[in-house]
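Sequence positions in the sequence shown follow this note's numbering and run 56 to 160. Below is one structure, written out as structure tokens; the observations come after it.
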Amino acid sequence: GMVPVADLFNHRTDAEHVRIYGEDEEDAEKESQDNGVLEMLLIRPVCRGGEVFNTFGVHGNQGLVHKYGFAELDNGHTVVDVPEEVVAGVLGEEEYLETVAALGL
């Protein structure tokens, strides 16, 4: 891997224990301290003997499968687009129109 030790960590969306700072980091304070190395900092406690997670970024399951070959069971960033005609077909036209009006859509 490009970052030998960091590549050992598995991904967990929104629950990582470490964050890597370096040349691609958006944090201006850290960027100003960049000295050509990457820093890996612990950002939340880890239980003794517990697995330490990194993050590959915020991705829905479609992006995770496409880029990394896995999906997460409880990924809050996963969305599904359902065409209006499918919703109208399931609800019926009248209930669909009432629901759209009630939601202000």
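Just so you know, even glycine gets a beta-carbon here, dropped at the ideal spot from N, CA and C.
Problem - Beta-carbon contacts of Asn130 that lie in its chain and below 6 Å, excluding the five residues immediately before and after - result: Correct list, in chain order: Thr68, Asn116.
Exercise for the section: Give the secondary structure of Leu93 by DSSP, where H, G and I count as helix, E and B as strand, and everything else as coil. Expected result: Looking at Leu93 - three-state DSSP - the assignment turns out to be coil, as it is neither helix nor strand.
Practice task
Return the first residue and the last residue of the beta strand (DSSP E) that Val145 is part of.
Solution key: For Val145, there is no enclosing beta strand (DSSP E); the enclosing alpha helix (DSSP H) covers residues 139-146.
Practice task
On a CA-only basis, which of Glu94, Val113, Glu150 is nearest Glu71? Give me that one, please.
Solution key: Comparing Cα positions, the closest option is Val113.
Problem - Where Thr154 falls, given that 16 or more other Cβ within 10 Å makes a residue buried - result: By the beta-carbon neighbour count (other beta carbons within 10 angstroms, threshold 16), Thr154 is exposed.
Handout entry: For Asn109, the three-state DSSP class (helix, strand or coil)
Key = In this structure, Asn109 counts as strand in the three-state DSSP scheme.
Handout entry: Span of the beta strand (DSSP E), counted from its first residue to its last, around Val73
Key = Val73: member of the beta strand (DSSP E) spanning 73-76, first to last residue.
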